[in-house]
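**Q** In the numbering used here, the protein residues as written are 1 to 152.
Ideal Cβ positions, reconstructed from N, Cα and C, are used throughout, including at glycine.
#1: When the Cα atoms are used, what is the spatial distance from residue 20 to residue 49?
#2: Can you give me the C-alpha to C-alpha distance between residue 130 and residue 67, rounded to a whole angstrom?
#3: Are the CB atoms of residue 141 and residue 114 within a distance shorter than 9 Å?
#4: Decide if residue 151 is buried, meaning its Cβ has at least 16 other Cβ atoms within 10 Å, or exposed.
#5: Excluding the five sequence neighbours on either side, which residues of its own chain have a C-beta within less than 6 Å of the C-beta of residue 154, listed in chain order?
#6: Sort out for me which residues DSSP pairs residue 141 with in a bridge.
#7: Take residue 112 as the anchor and find which of 52, 54, 32 and 144 has the nearest alpha-carbon.
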């Protein structure tokens, strides 16, 4: 039997603002995290991600490349950001030209286990737990469901 190649979760090449709290273990690399942020355990934040000041990211969240999150946001437990829409019927397999960007405005709260596809979400939005956001959100309000729709 062969031996696996082991990798350790770690924090590498991160531009941190002031007074950031990180609860390990995390895998955070090549990104920018603003001042006053909180990053919970078992979170992965990939390269080229930008997170605004005072944003909280709870445990088990996955923030993939090409995501920008504004200031004063809340990202609930287990939230998944997606940058690959499987445009060719399967994963892009390293062809980053097929990946898409996600932009989250300021004062956005995303409930636990929501899935956020490559979209733009304006300021002052609440995304309900378990929602799947498949389209841009251009009007403040509360959104829930699969696909997410404005409910209030």
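**A** By the coordinates alone:
#1: By 1-based counting over the chain shown, the position of residue 20 is 20. By 1-based counting over the chain shown, the position of residue 49 is 49. Rounded to the nearest whole angstrom, the CA to CA distance from residue 20 to residue 49 is 16 Å.
#2: Here residue 130 corresponds to residue number 130 of the chain shown, with the count starting at 1. Here residue 67 corresponds to residue number 67 of the chain shown, with the count starting at 1. Computed Cα separation, rounded: 19 Å.
#3: Here the question's residue 114 lines up with position 114 in the chain shown. Here the question's residue 141 lines up with position 141 in the chain shown. Cβ atoms of residue 114 and residue 141: not closer than 9 Å.
#4: On the chain shown, residue 151 is found 151 positions in, with the first residue counted as 1. The residue in question, residue 151, is exposed, as its Cβ has fewer than 16 Cβ neighbours within 10 Å.
#5: The first residue shown for the chain is 1 and the last is 152, placing residue 154 beyond what the model contains.
#6: Mapped onto the chain shown, residue 141 falls at position 141. DSSP links residue 141 through a beta bridge to 125.
#7: Walking along the chain shown from the start, residue 112 turns up at place 112. Closest by C-alpha distance to residue 112, out of 52, 54, 32 and 144, is 144.
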